[in-house]
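Some notes on the structure that comes next.
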Amino acid sequence: MAASFVADAAHGASAQGRLEAEYTATLAGIPIGRGNWVIDISDKQFSAAATGATTGLLRVFTSGHGTSSAHGIVSVGQPVPVSYTASISNNRRSDDVRMAFVGGNIKELSVEPPPGPSADRIPVADADRRNVLDPMTSVLIAVGGSGDPVSPQACARKVAVFDGRMRYDLRSEFKRMETVKAEKGYQGPVVVCAVYFIPISGYVPQRYAIKYLAALRDAEIWLAPIAGTRVMVPFRFSLPTPIGTGVLQAVQFVAVAKPPHAAANLNTR
Numbered sequence: 027m028a029a030s031f032v033a034d035a036a037h038g039a040s041a042q043g044r045l046e047a048e049y050t051a052t053l054a055g056i057p058i059g060r061g062n063w064v065i066d067i068s069d070k071q072f073s074a075a076a077t078g079a080t081t082g083l084l085r086v087f088t089s090g091h092g093t094s095s096a097h098g099i100v101s102v103g104q105p106v107p108v109s110y111t112a113s114i115s116n117n118r119r120s121d122d123v124r125m126a127f128v129g130g131n132i133k134e135l136s137v138e139p140p141p142g143p144s145a146d147r148i149p150v151a152d153a154d155r156r157n158v159l160d161p162m163t164s165v166l167i168a169v170g171g172s173g174d175p176v177s178p179q180a181c182a183r184k185v186a187v188f189d190g191r192m193r194y195d196l197r198s199e200f201k202r203m204e205t206v207k208a209e210k211g212y213q214g215p216v217v218v219c220a221v222y223f224i225p226i227s228g229y230v231p232q233r234y235a236i237k238y239l240a241a242l243r244d245a246e247i248w249l250a251p252i253a254g255t256r257v258m259v260p261f262r263f264s265l266p267t268p269i270g271t272g273v274l275q276a277v278q279f280v281a282v283a284k285p286p287h288a289a290a291n292l293n294t295r
């Protein structure tokens, strides 16, 4: 989810920060995965990279590993993706997606393996590849204005996402405020948003997983700030499933503000 990296252009301000976070994933309270996320934001560009792997009981059944990354520019306070890659592999198969963007539109796309043939699949139209964000950029959420970004405003948004195969919208709305404390790093308030999944194209409507996610009303995302910026990112995500609640939770959330570039002194004596 992404709205804007906010900078007060009228006053020449810039927002810069770095986040190093580590997450654990559980299902019905049982550990199933672990991963890390590194985000760098400057006044002109951003980058985000994540890695993860199965752990605990799930590793007995399958060994999985994944990586994803996004890079882009910051234009008029907005994050504009330039490239996105994702790779997931396990004992049986591997899955790779690569996308290149120009002005928010997808210009290059590589998906291996490609989606299987299905007469019931809603095709992805050319318009579905325009004015979209990749999954990584979509979870960088900036809050406008000059007040505290940790506010209900962070939840009021709807974003168009394309993951290489499916086009969908993510809509969120404010639920409540909470206070969190990571084992290392951030402790303080977070904004809790309800999240709704709206499939658009590239999916088979009769598949159980799609119908389940589209009908779900209990998914939550907890947003915490990256120091030095007005960007909020997930600290926790929870999703009810038929076999128990799935939770992605930050155990390390270390955000550091970077000093802005010093303005050149153009005064002459």
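Residue numbering for the sequence shown follows my numbering, beginning at 27 and increasing consecutively. All C-beta atoms, glycine included, are put in the ideal place defined by N, C-alpha and C.
Counted within 10 angstroms of its Cβ, other Cβ atoms place A29 as buried (16 or more) or exposed: Position 3 of the sequence shown holds residue 29. Reliability of the predicted coordinates at A29 is poor, the pLDDT of 33 falling under 50, and the value obtained from them is presented with this limitation in mind. That one is buried.
Of the residues D189, G211, I58, which one's Cα is nearest the Cα of V273? Numbered from 1 along the sequence shown, position 247 holds the residue referred to as residue 273. Nearest C-alpha to V273: I58.
Classify A283 as buried or exposed, calling it buried when 16 or more other Cβ atoms lie within 10 Å of its own Cβ. Your numbering for residue 283 matches position 257 in the sequence shown. The residue in question, A283, is exposed, as its Cβ has fewer than 16 Cβ neighbours within 10 Å.
Is there contact here, the region 90 to 97 with the region 107 to 119, by at least three beta-carbon pairs under 8 Å? By the Cβ test, the region 90 to 97 is in contact with the region 107 to 119, since at least three Cβ pairs between them sit closer than 8 Å.
Given a cut-off of 8 Å on the beta-carbon distance, is the pair V108 and K70 in contact? The residue you call residue 108 lines up with position 82 of the sequence shown. The residue you call residue 70 lines up with position 44 of the sequence shown. Cβ distance not < 8 Å, so V108 and K70 don't count as in contact.
Could you give the uninterrupted runs of the beta strand (DSSP E) lying entirely in the region 114 to 192, keeping only those of 3 residues or more? Listed in chain order, the complete beta strand (DSSP E) runs (minimum 3 residues) inside the region 114 to 192 are 120 to 128, 131 to 138, 183 to 188.
Buried/exposed call for V86, threshold 16 Cβ in 10 Å: On the sequence shown, residue 86 is found 60 positions in, with the first residue counted as 1. Low per-residue confidence applies at V86: pLDDT is 49, beneath 50, and the placement is therefore not dependable enough to give any value.
Hey, could you find the ends of the beta strand (DSSP E) I65 is sitting in? Taking the sequence shown and counting its residues from 1, one reaches residue 65 at position 39. Here the beta strand (DSSP E) through I65 covers 56 to 67.
Give the straight-line distance between the Cα atoms of I148 and G211, rounded to the nearest whole angstrom. Here residue 148 refers to the residue found at position 122 when the sequence shown is read from its first residue. Here residue 211 refers to the residue found at position 185 when the sequence shown is read from its first residue. Cα to Cα, the separation comes out at about 44 Å.
Whole angstroms are fine: how far does the CA of I269 sit from the CA of R44? For the purposes of this step, residue 44 is identified with residue 18 of the sequence shown, where counting begins at 1. For the purposes of this step, residue 269 is identified with residue 243 of the sequence shown, where counting begins at 1. Answer to the nearest angstrom: the Cα atoms are 36 Å apart.
Anticipated Cβ contact below 8 Å, A186 with V257, distance rounded: Here residue 186 refers to the residue found at position 160 of the sequence shown. Here residue 257 refers to the residue found at position 231 of the sequence shown. That belief does not hold up - the Cβ atoms of A186 and V257 are roughly 19 Å apart, past 8 Å.
What separation, rounded to the nearest whole angstrom, lies between the Cα atoms of A96 and R202? Residue mapping note: residue 96 aligns to position 70 of the sequence shown, counting from 1. Residue mapping note: residue 202 aligns to position 176 of the sequence shown, counting from 1. Their Cα atoms are separated by approximately 30 Å.
Judging by CA-CA distance, which residue of P285, T205, K133 is the nearest neighbour of F188? The sequence position of residue 188 within the sequence shown is 162, counting from 1. Closest option to F188, Cα to Cα, is K133.
Take L53 as the anchor and find which of F263, F279, A281 has the nearest alpha-carbon. Mapped onto the sequence shown, residue 53 falls at position 27. That would be F263, whose Cα lies nearest to the Cα of L53.
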